[in-house]
Amino acid sequence: YTTWDNDEQRAELLDFGLYLQHAVMRTLANVTVSWDMFDKANLIVGAEAFYDRGDRIGNDADAEETNSYTDAEGNYVDKIDFFTTALFTQFLWPNDYVNVTAGGRLEIHSVFGVFAVPRVALTKVFDFGLHAKLLASQAFRTPSLQNKSLEKLVDPNNEVSRERTTVFEAEVGYQVLDGLQVTANAFYTRIDDPIIYLYDEATDSETYVNGTAAQTAGAELQVDLRFARVRGQASYSYYTTVGEVVEDYAVPDHKARLGAPQHKLTTRLQVEVFPRIFVTPTLVFQSQRYGFTVANEEAPVRIDDQVLLGLGISAQDLGMPGLEAGLFAHNLLDQTETFIQPYFGGHGPLPGPGRQIMLRLAYRLDR
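Residues 253 to 619 (my numbering) are what the sequence shown spells out, left to right.
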């Protein structure tokens, strides 16, 4: 049971005088059965039902448009509710040839009808240090009470519906040496009918609509080290948009999406310089990003590459078994860190933290 209840004074400060007074409740029942079948195979079957209800708890007539829900015809109402039942299953079968995981979910919704999604994964570990994985899966997101309530405020004919996500993924990893592993991963993701928030200046109203399909593809390379006195991890990832991009997420003339760098590199190294004394440098690199700023609301602007360095020094069993101490610095060079809204929502980038210094003391009882 969750309430959103802002008084008028806070609303004036936070939201230009518009304030939300809603109570949202979910009642859930679930049953799951697990059955160990033949040859290490396992089957999980379950069912669940849940009831969602939203109530207007404010009674200010001047805030009726902000506080009320709307029904299927666009009329203001004091409550809205959904009822959902679902069936789900998962089958696990490890064997000498290939490990199989398969499953799915079927959902019956009182407003949005019947929907089903499958998933399957095949994995294999070879004797000579190679492992491989293939994955195909789907998921969905059902519109929330608020998504449904706001669907007709701008367009009376608009009907928001579920969004569906489809993912294909392949991974190969190889144990090069004892303590050194390299893993490569490639993926393709497609979101059909993505649920998008829109603000319409002409009517001074907000709404949710389904956009055109959003597609991305990319790859990641990761190296893991695990030696006696040195441990570390380095990863590089890249993505590109495929086909048309939803307008509110698009960067004109670029294969990037708002707020998301196409190239990202992260490294973390831990070196035991003396017995139980560790030095841990970190690095995070993000390539250029694009986003809307307060000074330029008509088109996204480029935000330069970003490098964040970190350093940690820690000690274990400091003077007594189990006592640990560490000094850590994040954003060591005090770079400008910004968080960019990944869609055109009318908000500029938010400032991130500058240099942070943290002291940590801990005692482990298991030492």
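C-beta atoms are modelled at their ideal positions from N, C-alpha and C, and glycine is treated no differently.
- A distance below 6 Å between beta-carbons, with the five flanking residues on each side excluded, links ASN437 to the following residues of its chain, in chain order: GLU423, GLU472.
- In this structure, the straight-line span from the alpha carbon of ASP452 to that of GLU458 is close to 6 Å.
- Across the structure, LYS507 and VAL412 are spaced so that their CA atoms are roughly 27 Å apart.
- Straight-line measurement puts the Cα of SER539 at about 9 Å from the Cα of LEU517.
- According to the DSSP secondary-structure assignment, ASP288 is paired through a beta bridge with ASN294.
- If you draw a 10 Å sphere on the C-beta of ARG554, you find fewer than 16 other C-beta atoms in it, and that means exposed.
- In the structure shown, LYS331 falls within a strand segment according to DSSP collapsed to helix, strand and coil.
- Per DSSP, LEU584 lies in no beta strand (DSSP E) and is assigned neither H nor E.
- When rounded, the separation of the alpha-carbon atoms in THR353 and TYR328 is 46 Å.
- Taken atom to atom, the span from the alpha-carbon of GLY543 to that of GLN593 is near 7 Å.
- ARG481 counts as exposed, since fewer than 16 other C-beta atoms from the protein chains shown sit within 10 angstroms of its C-beta.
- DSSP assignment within the stretch 371-403 yields the following whole beta strand (DSSP E) runs of 3 residues or more, N-terminal first: 382-393.
- Looking at the backbone, the Cα of GLN398 and that of HIS383 are separated by about 44 Å.
- Looking at LYS385, ALA324, ARG305, ILE296, the one whose alpha-carbon comes closest to that of GLN342 is ILE296.
- Looking at the DSSP output, ASP444 sits in a beta bridge with ARG416.
- In the DSSP secondary-structure assignment, HIS515 is bridged to TYR490.
- Secondary structure of GLU458 (DSSP, three-state): strand.
- By the neighbour-count definition (other C-beta atoms within 10 Å, threshold 16), TYR501 is a buried residue.
- Here DSSP, grouped into helix, strand and coil, assigns GLU359 to strand.
- For GLY562, the uninterrupted beta strand (DSSP E) run begins and ends at 558-567, by DSSP.
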